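Undergrad: For the record, the sequence lines run as chains A and B. Using my numbering, you'd call the opening residue of the first sequence number 5 and step up by one each time. Using my numbering, you'd call the opening residue of the second sequence number 5 and step up by one each time. Would you mind keeping the following structure in view while I ask a few things?
Number of protein chains: 2
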Amino acid sequence: MKRTAAFLAEKGIRPSYQRLRIYGALAGTKEHPSAETIYRELLPEIPSLSRTTVYSTLALFTRHGLAVQIPIDGEEMRYDADTSEHGHFRCSSCGRVFDFPIAKGSLAPELPAGFKAEIVQLFCVGTCAACAAGEEE
Amino acid sequence: MKRTAAFLAEKGIRPSYQRLRIYGALAGTKEHPSAETIYRELLPEIPSLSRTTVYSTLALFTRHGLAVQIPIDGEEMRYDADTSEHGHFRCSSCGRVFDFPIAKGSLAPELPAGFKAEIVQLFCVGTCAACAAGEEE
DNA sequence: TTCTCTGCAAACGCTTTGCACGGAT
DNA sequence: ATCCGTGCAAAGCGTTTGCAGAGAA
């Protein structure tokens, strides 16, 4: 946790207990959790935690570049602490979101003149290997 | 409109007046409208129109492959009648969504074995040419 | 008749806002 | 003393659902 505190501090975020735990929950999983998921995960250990804090903290992380928003399903916003270039695959059967690598440069679209992209995201929706193999959810 | 009626019919959708008009509103613009936008556009001419009808009709079009959902901003769902392969760029300043071409094959990501993508979408968020040129709004 | 479509109103789920308390600076 | 972070409750917004009436087949 000491590491995390220093990491948040150097990004300009005061390392409060809640922020440390929320960052830990986000960075420690590949599940691309939503605010609700993180809230429910931490609640048993931090009974006083409120959803408001989770939402505002995730917004703070996003503003400071520690997390990326993944609006892959129009239902709930998901977050990813991995801000490097990669794609996201959502299984329409089980709902899980997976990372997948993308060929370098393939995400450098030829935008019309004058357009400047700050965020580039590649989304896929389909069926994951587990669900395709017949494991219903 | 005759054309549109036949088009909907051959896709297995009964061409009611509302459906024709909603399809027309969607296909006749490059604005990637939301349900609310279409509703407000048609309301003056179809005063009895309800949001419910717009929502259910757009869902119907999506199910039948006449429209694609674009969850580019996690706020409201946008729709596109152009189902061909292209990218979407959202200007974070003015909120408009633009199409842009993508190099053939660049949207064929190397998914892990067993994964099968049905929908592939490339999203960018940034500043459009007009906003970059200083036109606030 | 029977089935589908439409539309109103209410409900729902995710997220944001207003406000007050408490702790840090 | 001031500022910032937290948390509760309520509101907000996009969307879906329940239900009834109108219309097509």
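For each residue, glycine too, the CB sits at the ideal point set by N, CA and C. Predicted, not measured: the structure shown is a model, and the values here were computed from it.
Find the residues of chain A that neighbour B/T131, judging by a C-beta separation of less than 9 Å, and give them in chain order.
TA: Counting from one through the second sequence, the residue named residue 131 of chain B turns up at place 127. Residues of chain A passing the Cβ test: G118, F119, K120, A121, E122.
Undergrad: Between A/T8 and A/L24, which are expected to be in contact by the criterion C-beta below 8 Å, what is the C-beta distance as a whole number of angstroms?
TA: On the first sequence, position 4 is the one that residue 8 of chain A refers to. On the first sequence, position 20 is the one that residue 24 of chain A refers to. Right, their Cβ atoms sit about 5 Å apart.
Undergrad: With A/A31 as the anchor, note down where its alpha helix (DSSP H) starts and where it stops.
TA: Taking the first residue of the first sequence as position 1, residue 31 of chain A is located at position 27. If you look at A/A31, you'll find it in the alpha helix (DSSP H) that goes 21–31.
Undergrad: Could you tell me whether the Cβ of B/E140 comes closer than 8 Å to any Cβ of chain A?
TA: In the second sequence, residue 140 of chain B corresponds to position 136, counting from 1. Residue confidence for B/E140 is low, a pLDDT of 45 falling below 50, so the modelled location carries little weight and cannot support an answer.
Undergrad: Give the interface partners of A/I42 over in chain B, defined as CB-CB distance under 8 Å, in chain order.
TA: Along the first sequence, one-based indexing puts residue 42 of chain A at 38. Under the 8 Å cutoff, chain B gives no residues; its nearest Cβ is about 16 Å from A/I42.
Undergrad: Just confirm the distance between the C-beta atoms of B/A29 and B/L46, as a whole number of angstroms; I'd bet it's less than 8 Å.
TA: The residue labelled residue 29 of chain B in the question sits at position 25 within the second sequence. The residue labelled residue 46 of chain B in the question sits at position 42 within the second sequence. The pair is a contact, with the Cβ atoms about 6 Å apart (cut-off 8 Å).
Undergrad: Kindly list, in the order they appear in chain B, the residues whose Cβ is closer than 7 Å to that of A/G2.
TA: The requested residue 2 of chain A does not occur in the structure, where chain A is confined to residues 5 to 141.
Undergrad: If you check the beta carbons only, do B/I76 and A/P75 fall under 8 Å apart?
TA: Within the second sequence, residue 76 of chain B is the residue found at index 72, counting from 1. Within the first sequence, residue 75 of chain A is the residue found at index 71, counting from 1. Yes, Cβ-Cβ distance for B/I76 and A/P75 is below 8 Å.
Undergrad: Given this structure, state the Cα-to-Cα distance separating A/K34 from B/F119, to the nearest angstrom.
TA: By 1-based counting over the first sequence, the position of residue 34 of chain A is 30. By 1-based counting over the second sequence, the position of residue 119 of chain B is 115. Those two C-alpha atoms are separated by around 17 Å.
Undergrad: Could you name the residues of the same chain whose beta carbon sits closer than 6 Å to that of A/P19, not counting the 5 residues immediately before and after it, in chain order?
TA: As a working mapping, residue 19 of chain A is identified with position 15 in the first sequence. If you ignore the 5 residues before and after A/P19, its C-beta comes within less than 6 Å of the C-beta of A9, L12, A13, all in its own chain and listed in chain order.
Undergrad: Taking 8 Å as the threshold (beta carbon to beta carbon), is A/A10 in contact with chain B?
TA: Walking along the first sequence from the start, residue 10 of chain A turns up at place 6. Between A/A10 and chain B, the shortest Cβ-Cβ separation is not below 8 Å.
Undergrad: Given a cut-off of 8 Å, decide if A/L53 and B/L126 are closer than it, judged by their beta-carbon atoms.
TA: Residue numbering aside, residue 126 of chain B sits at position 122 when the second sequence is read from its first letter. Residue numbering aside, residue 53 of chain A sits at position 49 when the first sequence is read from its first letter. Their beta carbons are not under 8 Å apart, which means B/L126 does not touch A/L53 by this criterion.
Undergrad: For the stretch 64–96 of chain A, enumerate the residues whose C-beta is nearer than 7 Å to any C-beta of chain B, in chain order.
TA: Q73, P75, I76, D77, G78, M81, G91, F93
Undergrad: List, from N- to C-terminal side, the alpha helix (DSSP H) runs of 4 residues or more that fit wholly inside the stretch 16–96 of chain A.
TA: If you keep only unbroken alpha helix (DSSP H) runs of at least 4 residues inside the stretch 16–96 of chain A, you get 21–31, 39–46, 55–67.
Undergrad: Let's test the definition: count the other Cβ atoms within 10 Å of the Cβ of A/R67 and tell me whether it reaches 16, buried, or not, exposed.
TA: Sequence index remark: in the first sequence, residue 67 of chain A carries index 63 (1-based). Exposed, because fewer than 16 other Cβ atoms sit within 10 Å of the Cβ of A/R67.
Undergrad: Taking C-beta to C-beta, are A/K15 and A/L70 nearer than 8 Å?
TA: Taking the first sequence and counting its residues from 1, one reaches residue 15 of chain A at position 11. Taking the first sequence and counting its residues from 1, one reaches residue 70 of chain A at position 66. Contact flag set, yes.
Undergrad: Contact check, B/P48 vs B/R82 under 8 Å by CB: the rounded distance?
TA: Start at 1 with the first residue of the second sequence, and residue 48 of chain B comes out as number 44. Start at 1 with the first residue of the second sequence, and residue 82 of chain B comes out as number 78. Going by Cβ atoms, the distance from B/P48 to B/R82 rounds to 22 Å, so no, they are not a contact pair.
Undergrad: Given a threshold of 16 other Cβ atoms within 10 Å of its Cβ, counted over all protein chains shown, does A/Y21 qualify as buried or as exposed?
TA: Your numbering for residue 21 of chain A matches position 17 in the first sequence. Exposed, since its Cβ has fewer than 16 Cβ neighbours within 10 Å.
Undergrad: Roughly how many whole angstroms lie between the Cα atoms of B/A134 and B/V101?
TA: Counting from 1 along the second sequence, the entry for residue 134 of chain B is found at position 130. Counting from 1 along the second sequence, the entry for residue 101 of chain B is found at position 97. B/A134 and B/V101: Cα-Cα distance of roughly 13 Å.
Undergrad: Can you tell me the Cβ-Cβ gap for A/V58 and A/I17, rounded? I've got them flagged as a contact below 8 Å.
TA: Working through the first sequence from its first residue, we reach residue 58 of chain A at position 54. Working through the first sequence from its first residue, we reach residue 17 of chain A at position 13. No, A/V58 and A/I17 are not in contact; Cβ-Cβ is about 15 Å, not under 8 Å.
Undergrad: Can you name the residues that DSSP bridges to B/L126?
TA: To locate residue 126 of chain B, count along the second sequence from 1; it is residue 122. Beta-bridge pairing links B/L126 to A/L126.
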